[in-house]
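**Q** Take a look at this one; I'll ask things after.
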Amino acid sequence: MQRVTITLDDDLLETLDNLSEQRGYNNRSEALRDILRSALTQESTQNSEQQGYAVLSYVYEHEKRDLASRIVATQHHHHELSVATLHVHISHDDCLEIAVLKGKMGDVQHFADDVIAQRGVRHGHLQCLTEE
1 MQRVTITLDD DLLETLDNLS EQRGYNNRSE ALRDILRSAL TQESTQNSEQ QGYAVLSYVY
61 EHEKRDLASR IVATQHHHHE LSVATLHVHI SHDDCLEIAV LKGKMGDVQH FADDVIAQRG
121 VRHGHLQCLT EE
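The sequence shown begins at 1 in our numbering and counts up by one.
Here it is in structure tokens:
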């Protein structure tokens, strides 16, 4: 492990310290390592040919004009990406789905965009993790 010295503006250092406290890091180094790993993971997902895993989570109105059927059709159209799907009824009107995906990051992003862009889908989020 190497020791490095960095210079930060007072405001940025205060933000780092607040983040460290909120997330329970023991020191600034742990926080910075985690932030850097996250940035590197995000960067690697930009390569559309990179293989990896992803979790797509979204909330949707199940009664919205055949939305559930359209989402299922989209999932079947991209069946090679699907590892598992969890469906949760969170209210009378809304459902939460969590899809675990595996494949090329470009294909995963395309699938996520197709689902999230559907009318009636809210709170869509894609979290990617590329293979090392």
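Every residue, glycine too, gets a C-beta built ideally from N, C-alpha and C.
With respect to the beta strand (DSSP E) encompassing residue 87, which residues constitute its N-terminal and C-terminal limits?
**A** 82-89
**Q** Would you please state the rounded distance, in angstroms, between the beta carbons of residue 129 and residue 99? I believe it to be under 8 Å.
**A** The pair is not a contact, with the Cβ atoms about 14 Å apart (cut-off 8 Å).
**Q** Since residue 123 and residue 58 should fall inside the 8 Å C-beta cutoff, what is the C-beta to C-beta distance between them, to a whole number of angstroms?
**A** 6 Å
**Q** Please name the residue, chosen from 101, 71 and 88, that lies closest to residue 82 on a Cα-to-Cα basis.
**A** 101
**Q** Are residue 68 and residue 77 closer than 8 Å when you measure CB to CB?
**A** No, the pair does not count as a contact, with Cβ atoms beyond the cut-off.
**Q** Apart from the five residues on each side of it in sequence, which residues of its chain come closer than 8 Å, Cβ to Cβ, to residue 118?
**A** 60, 67, 70, 71 and 74
**Q** Report the three-state DSSP secondary structure of residue 56 (helix, strand or coil).
**A** Correct three-state label for residue 56: strand.
**Q** Use the C-beta contact count for residue 126: other C-beta atoms within 10 angstroms, 16 or more gives buried, fewer gives exposed.
**A** Burial call: buried.
**Q** Which term fits residue 115, buried or exposed, when burial requires 16 or more other beta carbons within 10 angstroms of its beta carbon?
**A** Classification for residue 115: buried.
**Q** Just how far apart, CA to CA, sit residue 38 and residue 120?
**A** 30 Å
**Q** State the DSSP-derived secondary structure class of residue 33, mapped to helix, strand or coil.
**A** helix
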